[in-house]
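Remarks on the structure that follows.
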Amino acid sequence: MSATREVKLSEAEVRRQATDKSVRDLRDPRHPGLYLRFWSSRERGTWHLVRGKKWVPIARWPELSVAAVLAELPALRQRLMRHPATAPVVSGMATVGQLLDWYVDRMSHDRSLSAKRKAATRAAIGQHVRPCLGDLPIKYITAELIDKHLIWPGQAKLSLSYLRQMFGMLLTAFRQALKLGMIDSNPMAGVRFNDFTKAKILPKAARLRSVQLPELMQQLAQAFEAAPNDAMLALMMLAHGTRIGETRMARWSEVSLAASEWFIPAAHTKTRTEHRLPLTAQLKALLTRYRGIQQARGYEGVYLFPNRRGHCLSETQASMVFTRLGQGEWTSHDLRKVSRSTWTDLGIDGHIGEMLLNHTLGKIASTYIHTQAMEQRKLALEKWHAWLDRIGFAAIHGLKEALFEIPQKSPQANGGEASGDLSELVFSEDSK
1 MSATREVKLS EAEVRRQATD KSVRDLRDPR HPGLYLRFWS SRERGTWHLV
51 RGKKWVPIAR WPELSVAAVL AELPALRQRL MRHPATAPVV SGMATVGQLL
101 DWYVDRMSHD RSLSAKRKAA TRAAIGQHVR PCLGDLPIKY ITAELIDKHL
151 IWPGQAKLSL SYLRQMFGML LTAFRQALKL GMIDSNPMAG VRFNDFTKAK
201 ILPKAARLRS VQLPELMQQL AQAFEAAPND AMLALMMLAH GTRIGETRMA
251 RWSEVSLAAS EWFIPAAHTK TRTEHRLPLT AQLKALLTRY RGIQQARGYE
301 GVYLFPNRRG HCLSETQASM VFTRLGQGEW TSHDLRKVSR STWTDLGIDG
351 HIGEMLLNHT LGKIASTYIH TQAMEQRKLA LEKWHAWLDR IGFAAIHGLK
401 EALFEIPQKS PQANGGEASG DLSELVFSED SK
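The sequence shown begins at 1 in UniProt numbering and counts up one residue at a time.
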């Protein structure tokens, strides 16, 4: 897409240029510093005044037409000169719908957000928030109107947790618009979700409990023989408490048996922070067996969980794995939840458990984890995998000297690792 195209600004010319997707910005040499930048939808755009390298948004098109912005241009320049720190906004943003359209477009270009989050936000706003509030004038928005048009009708058909998420999106959109000078004031300031309901939002009930894990392990053992890819995805998540997204994208180059570590890049995690998980002797044996199965079937690629096209499993394909395995009784997230709850039952420290899940923690806790907890993470997973061995995990990974004793406080309590050169192996793209 080209940076800028010089034109003679008129409403007809802008609409003509909007059909050309190779054009991003329009400028008219007769009006230096004035630019129109199209949104990705091409149906809207943002007027900017450019001073040096600073682009100052001043209005929205077509809410503010070419003729209207040109008429306001002298006054806008004067205001920008007098108050350079304040954007001289003439946004034309009159309704909540216009504000939400701007926010969704802005969010769609935010590289810090995952594609999944962008899609979820776009769907929630497009299917629920905008239809309910889109026609309301921004300046007249009150908690009463939000309750009448969104919260109260929504609670009759949506979960409170989802409704709270949508309310949070609405708050964020208004705050961002005010911060960037797109609106003069924020009518949502001070409004809280608990202003509308005092009902307690309960977490979803767990559909897998620790007492069900022996039966599940038998099922996974059978699945490992028939469909090792499916079973391995579930086993990796159960063994580490990882999310489905970060697990399905795993590469062999990120798995080092020599270093006893599984590295998950920041780009693959929900928290956008890299995640390092110790590999126990059981997992080394399981990974060795699984890699051997892949190679015996002719796969020499880079992914632990490839699809037929040679890429990693897509989000939909990974979800289908758990549709097959869970048969509607449990989901991939239930594996993560049962891992966490059983860790608590085993006496694993809460901070260590949260870190294994790669939850966002406070600064003090994060410092503690990164400086003190690596060995404790290893001991926690050794305790967990030893417990899993007692309910059938050992039959799957095939480690000759499986660790049936649950480790206590010292590393020596793990019962000893298997003999052989297993710890010397390292998977990489060069050793397929």
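C-beta atoms are modelled at their ideal positions from N, C-alpha and C, and glycine is treated no differently.
Any 3 or more C-beta pairs closer than 8 Å across the stretch 350-360 and the stretch 218-233: Note that the stretch 350-360 does not touch the stretch 218-233; fewer than 3 beta-carbon pairs, one per stretch, sit closer than 8 Å.
May I ask which residues mark the beginning and end of the beta strand (DSSP E) holding His48? By one-based count along the sequence shown, residue 48 stands at place 48. Note, His48: beta strand (DSSP E), 45-51.
Please name the residue, chosen from Arg289, Asp345, Arg276, Ile244, that lies closest to Cys312 on a Cα-to-Cα basis. Here residue 312 refers to the residue found at position 312 of the sequence shown. Of the candidates Arg289, Asp345, Arg276, Ile244, the residue whose Cα lies closest to the Cα of Cys312 is Ile244.
Just how far apart, CA to CA, sit Leu399 and Leu277? Locating residue 399 in the sequence shown gives position 399, counting from the first residue. Locating residue 277 in the sequence shown gives position 277, counting from the first residue. Those two C-alpha atoms are separated by around 20 Å.
Check whether Ile138 and Ala189 have beta carbons under 8 Å apart: If you number the sequence shown from 1, residue 138 lands on position 138. If you number the sequence shown from 1, residue 189 lands on position 189. No, these two residues do not count as a Cβ contact at 8 Å.
From the DSSP output, in three-state form, read off Glu6 for me. Counting from one through the sequence shown, the residue named residue 6 turns up at place 6. Three-state DSSP puts Glu6 in a strand.
If distances are taken between C-alpha atoms only, which option among Phe174, Met182, Arg175, His128 comes closest to Lys157? As a first step, residue 157 is located in the sequence shown; it is residue number 157 there, counting from the start. Of the candidates Phe174, Met182, Arg175, His128, His128 places its Cα closest to the Cα of Lys157.
Do the stretch 257-267 and the stretch 315-328 touch if we need at least three Cβ pairs shorter than 8 Å? For the pair of segments examined, the stretch 257-267 was found not to touch the stretch 315-328: the number of CB pairs separated by less than 8 Å stays below three.
Is residue 433 helix, strand or coil when you go by DSSP? Outside the displayed range of the chain (1 to 432) lies residue 433, so it cannot be described from this structure.
Unbroken alpha helix (DSSP H) runs of length 4 or more, entirely within the stretch 272-332: which are they? Complete alpha helix (DSSP H) runs here, min 4: 281-296, 315-326.
Excluding the 5 residues flanking Gly168 on each side, which residues of the same chain have their C-beta closer than 7 Å to its C-beta? One-based indexing of the sequence shown puts residue 168 at position 168. Result list for Gly168: empty, nothing under 7 Å.
Measure the C-alpha to C-alpha separation of Tyr103 and Ile352 and round it to an integer number of angstroms. Within the sequence shown, the letter at position 103 stands for residue 103. Within the sequence shown, the letter at position 352 stands for residue 352. Spanning the two alpha carbons is a distance of roughly 37 Å.
Thr360 by DSSP, collapsed to three states: which one? Position 360 of the sequence shown, counting from 1, holds the residue named residue 360. Under the three-state reduction of DSSP, Thr360 is assigned to coil, being neither helix nor strand.
For Ser314 and Ser332, the rounded distance between their alpha carbons: Indexing the sequence shown from 1 puts residue 332 at position 332. Indexing the sequence shown from 1 puts residue 314 at position 314. Each residue's CA atom was taken as its position, placing Ser332 and Ser314 some 14 Å apart.
Nearest to Ala12 by CA position, among Leu34, Ala67, Arg30, Ala386, is which residue? For the purposes of this step, residue 12 is taken as residue 12 along the sequence shown, with counting starting at 1. A check of alpha carbon separations from Ala12 across Leu34, Ala67, Arg30, Ala386 identifies Ala67 as the nearest.
Does Lys157 come out as helix, strand or coil in the three-state DSSP assignment? For the purposes of this step, residue 157 is taken as residue 157 along the sequence shown, with counting starting at 1. Coil at Lys157, not helix or strand.
For Ala285, which of Arg308, Arg272, Ala258 has the nearest alpha-carbon? As a first step, residue 285 must be located in the sequence shown, where it is residue number 285. Looking at the Cα atoms, Ala258 is the closest of the given residues.
Using a Cβ-Cβ cutoff of less than 6 Å, which residues in the same chain neighbour Ile396 once the five nearest sequence positions on both sides are dropped? For this step, residue 396 is matched to residue 396 along the sequence shown. Cβ contact annotation for Ile396 (same chain, cutoff 6 Å, sequence separation greater than five): Ala221, Phe224, in chain order.
Please list the segments of the beta strand (DSSP E) lying wholly inside the stretch 197-239, counting only runs of 3 or more residues, in order along the chain. Correct list: empty.
8 Å contact criterion, which Leu49 and Leu26 should meet: CB distance rounded: Residue 49 sits at position 49 when you count from the first residue of the sequence shown. Residue 26 sits at position 26 when you count from the first residue of the sequence shown. Wrong, their Cβ atoms sit about 14 Å apart, outside the cutoff.
List the DSSP bridge partners of Thr95. Against the sequence shown, residue 95 aligns to sequence position 95. Thr95 is bridged to Pro137.
If you follow the alpha helix (DSSP H) that Trp55 is in, where does it begin and where does it stop? If you number the sequence shown from 1, residue 55 lands on position 55. Taken as a continuous stretch (DSSP letters only), Trp55 belongs to no alpha helix (DSSP H), being part of the beta strand (DSSP E) at 54-61.
Reduced DSSP category for Val255 - H, G, I as helix; E, B as strand; rest coil: On the sequence shown, position 255 is the one that residue 255 refers to. Per DSSP, reduced to three states, the secondary structure at Val255 is strand.
7 Å Cβ shell around Gly347 - same chain, five flanking residues per side excluded: Locating residue 347 in the sequence shown gives position 347, where the first residue counts as 1. Cβ neighbours of Gly347 beyond the five flanking positions: none.
Mind checking which residues open and close the beta strand (DSSP E) that includes Arg37? For the purposes of this step, residue 37 is identified with residue 37 of the sequence shown, where counting begins at 1. Segment 34-38, the beta strand (DSSP E) holding Arg37.
Are the beta-carbon atoms belonging to Arg42 and Trp61 less than 8 Å from one another? In the sequence shown, counting from the first residue as 1, residue 42 sits at position 42. In the sequence shown, counting from the first residue as 1, residue 61 sits at position 61. The Cβ atoms of Arg42 and Trp61 do not sit closer than 8 Å to each other.
Per DSSP, what are the beta-bridge partners of Glu144 in this structure? Residue mapping note: residue 144 aligns to position 144 of the sequence shown, counting from 1. Glu144 is not bridged to any residue.
Is the CB-CB distance between Trp330 and Leu208 below 8 Å? Translated into the one-based positions of the sequence shown, residue 330 becomes position 330. Translated into the one-based positions of the sequence shown, residue 208 becomes position 208. Yes, they are a contact pair.
Is the beta carbon of Arg251 closer than 8 Å to that of Tyr290? Locating residue 290 in the sequence shown gives position 290, where the first residue counts as 1. Locating residue 251 in the sequence shown gives position 251, where the first residue counts as 1. No, the pair does not count as a contact, with Cβ atoms beyond the cut-off.
Alpha carbon to alpha carbon, how far is Thr4 from Gly33? Give it in angstroms, no decimals. Indexing the sequence shown from 1 puts residue 33 at position 33. Indexing the sequence shown from 1 puts residue 4 at position 4. Each residue's Cα considered, the two are about 12 Å apart.
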